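Numbering (the UniProt record's numbering), first residue to last: 1 to 345. Beta carbons are placed, not taken as given, at the ideal position from N, Cα and C, and that holds for glycine. Please read these numbers as outputs of a predicted model, since none were measured by experiment. First up is the structure itself, then whatever we jot down about it.
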Amino acid sequence: MEIQEVVRQYALCFLPAKSLCRFKTVSKEWLKWINCPFFSHTQTNHFRHVSGFFCQFPGESPSFMSLNPVAYGVSNPTLCFLPEPVDARTSCNGLLGCQGRLGDNAYYICNPVTEDWRTVPQPNLYHGPETAIALAFELGTLNFKAPYELVCAVTLPDREALQFEIYSSRTNSWRVCNDVCLDMNTLPLSGDGFYTRGFVYWETESGAVLVFDLKEEVHGIVSLPPSSKPIGALTDMRGELRYLLPHKEDDAWSIEVYGNMDMSLQCIIALRSEVLGHLVDEECRVLAFVDDGTLVITLGTEVIAYHVRAHRMERVSDARTDGFVRYFPYVNSFAPVGHFTNDTA
1 MEIQEVVRQY ALCFLPAKSL CRFKTVSKEW LKWINCPFFS HTQTNHFRHV
51 SGFFCQFPGE SPSFMSLNPV AYGVSNPTLC FLPEPVDART SCNGLLGCQG
101 RLGDNAYYIC NPVTEDWRTV PQPNLYHGPE TAIALAFELG TLNFKAPYEL
151 VCAVTLPDRE ALQFEIYSSR TNSWRVCNDV CLDMNTLPLS GDGFYTRGFV
201 YWETESGAVL VFDLKEEVHG IVSLPPSSKP IGALTDMRGE LRYLLPHKED
251 DAWSIEVYGN MDMSLQCIIA LRSEVLGHLV DEECRVLAFV DDGTLVITLG
301 TEVIAYHVRA HRMERVSDAR TDGFVRYFPY VNSFAPVGHF TNDTA
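Here it is, written out as structure tokens:
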């Protein structure tokens, strides 16, 4: 077997989608291989690194902030290939969940790399502006269809309670769960949530986390450490759910890491002042902890990637300070949207 054949069959699947799109020009064989569904499935399962963040300022189009512009990217970060202007609301393993700004405020599931998309049917419940959503997309080596679900925590208009409604790509339909959240201290939710390892998590304005078990379809409540500002972040950290909270003492920043079901303090990550330089005087907000031991944070007007083990930092992008910007970790993959792609019904 020639080296080119070895690379094509065994190495390409570990690369991000942006790089693979360039490699389509190598030969007709590489183009055919990269475009085949089997390779898309293989690449989606092998490349799982957080590549950057989709971000959106209220009232503006989405944009993409790459952690490595040479390797990671999408051709249309504003998602203009969708049939209407949208708000990016949730992401999971290479797919984005968006909501249209016009008419029925339809939900869309899309892959920003392939520009494949699906219109989600209208739900059974009324999804008002307080509805919080999360996309759940679980990868599987043997599962080529890789179904996903859009989990919605819906505020009932006639009483102060939450009910859960779930869209499944497997059936292309919605189901309303029996479980109802009546805990008045939980409401309202502070925004959309995220999914990891069978559970969906939403932060609440009361300083707690609403947890939804997707398999059993039941909810629970977990308390968060006290904070007066939205500067912390729920994140997957080395396979465990963690809450990261910035803390400043004696002109030095650190990140407090909370975890387990009681959200107790697990460890403290010191951000060295000599590494941060003049940015140590700025306000800090955590965005996420990404795959290789890197904290992504904002310090004033800059987004910083802080490498924890090496204690070095890289500037990623400018940060908006004239309003609250939402950031969604994104994986640059060929994740499939499904056979209902581009369904306009």
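{"Item": "Where the beta strand (DSSP E) through V7 begins and ends", "Value": "Segment 3-10 is the alpha helix (DSSP H) holding V7; no beta strand (DSSP E) there."}
{"Item": "Start and end residues, alpha helix (DSSP H) containing Q43", "Value": "37-46"}
{"Item": "DSSP-derived helix/strand/coil call for Y300", "Value": "The amino acid at residue 300 is misidentified as Tyr; the sequence shows Gly. Residue state, collapsed to three classes: coil."}
{"Item": "Range of the contiguous beta strand (DSSP E) that encloses V275", "Value": "Note, V275: premise wrong, no beta strand (DSSP E); alpha helix (DSSP H) at 273-276."}
{"Item": "Boundaries of the alpha helix (DSSP H) in which A17 is found, first to last residue", "Value": "17-23"}
{"Item": "Opposing strand residues paired with W253 [DSSP bridges]", "Value": "K248, L271"}
{"Item": "Best match in H46, P37, N76 for proximity to A11 [C-alpha to C-alpha]", "Value": "H46"}
{"Item": "Rounded C-alpha distance that separates S75 from P112", "Value": "8 Å"}
{"Item": "Whether Y195 touches L234 by CB criterion (8 Å)", "Value": "no"}
{"Item": "Q163 - containing beta strand (DSSP E), residue span", "Value": "162-168"}
{"Item": "CA-to-CA distance, S19 to L210, given in whole angstroms", "Value": "38 Å"}
{"Item": "Cα-Cα separation between R118 and E216, rounded to whole angstroms", "Value": "27 Å"}
{"Item": "Helix, strand or coil at C177 [DSSP, three-state]", "Value": "strand"}
{"Item": "Nearest neighbour of F23, chosen from L135, H41, Q4 [CA to CA]", "Value": "Q4"}
{"Item": "Inter-stretch contact at 8 Å, needing at least 3 Cβ pairs: the stretch 133-141 / the stretch 149-165", "Value": "yes"}
{"Item": "Three-state class that DSSP yields for I34 in the structure shown", "Value": "helix"}
{"Item": "Helix, strand or coil at F14 according to DSSP, with G and I counted as helix", "Value": "helix"}
{"Item": "Integer-rounded CB distance, given that E165 should sit under 8 Å from residue 411", "Value": "Coverage of the chain is limited to positions 1 through 345, which leaves residue 411 absent and any answer about it impossible."}
{"Item": "Cβ shell of F212 (< 7 Å), same chain only, five flanking positions each side left out", "Value": "V151, F164, F199, V200, H219"}
{"Item": "Closest Cα partner of Y306 within the set T321, R285, M261", "Value": "R285"}
{"Item": "Residues bridged to M313 [DSSP beta-bridge criterion]", "Value": "Y306"}
{"Item": "Segment limits, beta strand (DSSP E) that includes S91", "Value": "86-92"}
{"Item": "Test item: CB-CB of P225 and M263 under 8 Å", "Value": "yes"}
{"Item": "As assigned by DSSP and simplified to three states, the class of E149", "Value": "strand"}
{"Item": "Spatially closest choice to P157 from W174, P129, D179, by CA coordinates", "Value": "P129"}
{"Item": "Beta-bridge pairing of Y201 - partner residues as DSSP gives them", "Value": "F194, V211"}
{"Item": "Euclidean distance between Cα positions of N342 and D116", "Value": "Legend: pLDDT at N342 = 43, less than 50; position of this residue unreliable, no value from coordinates given."}
{"Item": "The beta strand (DSSP E) enclosing F219, as first and last residue numbers", "Value": "The residue you asked about is not Phe; residue 219 is His in the sequence shown. Element bounds for H219: 218-223."}
{"Item": "Pairwise C-alpha distance: A88 and D192", "Value": "10 Å"}
{"Item": "Cβ contact (3+ pairs, closer than 8 Å) linking the stretch 270-283 and the stretch 293-309", "Value": "yes"}
{"Item": "Same chain only: Cβ atoms within 6 Å of Y107, ignoring 5 sequence neighbours per side", "Value": "Q99, V120"}
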